[in-house]
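Below is one structure, written out as structure tokens, with a few remarks after it.
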């Protein structure tokens with residue numbers, strides 16, 4: 003029985019094979035993600051022209067067997083590029099995409115509170131401004147007169163923008 007300390011050091015050949023294997027795994031995962039990601043999210047990645055062209059060509063394939071072959075081919079092509087950079091872009095886009103529904107619901111709830119009560123202004127990042135109080139008054143008047151929700155939508159957009167700015171400022175402070 004051998005101890006862990008008695009393991010021989012990996013040779014250069016073993017290390018090189020492990021690096022190639024890891025690169026293959028990463029490129030395969032990236033290719034799978036790029037093949038299944040939605041078109042809008044793919045556009046937001048702002049990939050280089052070369053990569054975007056290769057991905058577009060692979061995504062055009064519709065037959066399941068040929069699509070799998072195109073995915074493997076895409077994985078091979080991706081190895082020519084900086085895999086970590088592509089992975090970082092995909093990861094940041096997925097993180098941002100998962101934040102959007104949370105931000106939407108927070109803005110929606112805050113708008114409802116603002117229309118219901120003046121005390122909710124304390125919850126708004128940046129506090130009460132002339133524009134915010136005007137939007138709240140318009141939304142309340144609109145609700146009372148049962149008009150279509152144009153002012154409420156404007157209030158929602160304003161609140162969402164305020165929340166986005168406050169989160170961006172908080173993220174910048176963390177960095």
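Numbering (the working numbering), first residue to last: 3 to 177.
The beta carbon of each residue, even a glycine, is placed where N, CA and C say it ideally should be.
State buried or exposed for residue i, treating a residue as buried only when at least 16 other CB atoms are found within 10 Å of its CB.
i	result
residue 86	exposed
residue 144	buried
residue 67	exposed
residue 42	exposed
residue 29	buried
residue 137	buried
residue 77	buried
residue 3	Confidence is the limiting factor: at residue 3 the pLDDT is only 48, short of 50, which leaves the residue's position unreliable and the question unanswerable from this model.
residue 107	exposed
residue 32	buried
Note the first and the last residue of the continuous alpha helix (DSSP H) segment covering residue i.
i	result
residue 52	51-61
residue 65	Note, residue 65: premise wrong, no alpha helix (DSSP H); not H, not E.
residue 19	14-38
In three-state DSSP terms, what is residue i?
i	result
residue 10	coil
residue 48	coil
residue 95	helix
residue 81	coil
Since residue i and residue j are thought to touch, with beta carbons under 8 Å apart, how far apart are those beta carbons, to the nearest angstrom?
i	j	result
residue 123	residue 141	So it is not a contact: roughly 13 Å between Cβ atoms.
residue 112	residue 126	7 Å
residue 73	residue 23	Rounded, the Cβ-Cβ distance is 18 Å, inconsistent with contact.
residue 47	residue 95	6 Å
residue 161	residue 121	Contact flag wrong, Cβ pair sits at about 15 Å.
residue 80	residue 88	7 Å
Continuous beta strand (DSSP E) assignments of at least 3 residues falling wholly in the stretch 108-172:
The qualifying runs do not exist here; there are none.
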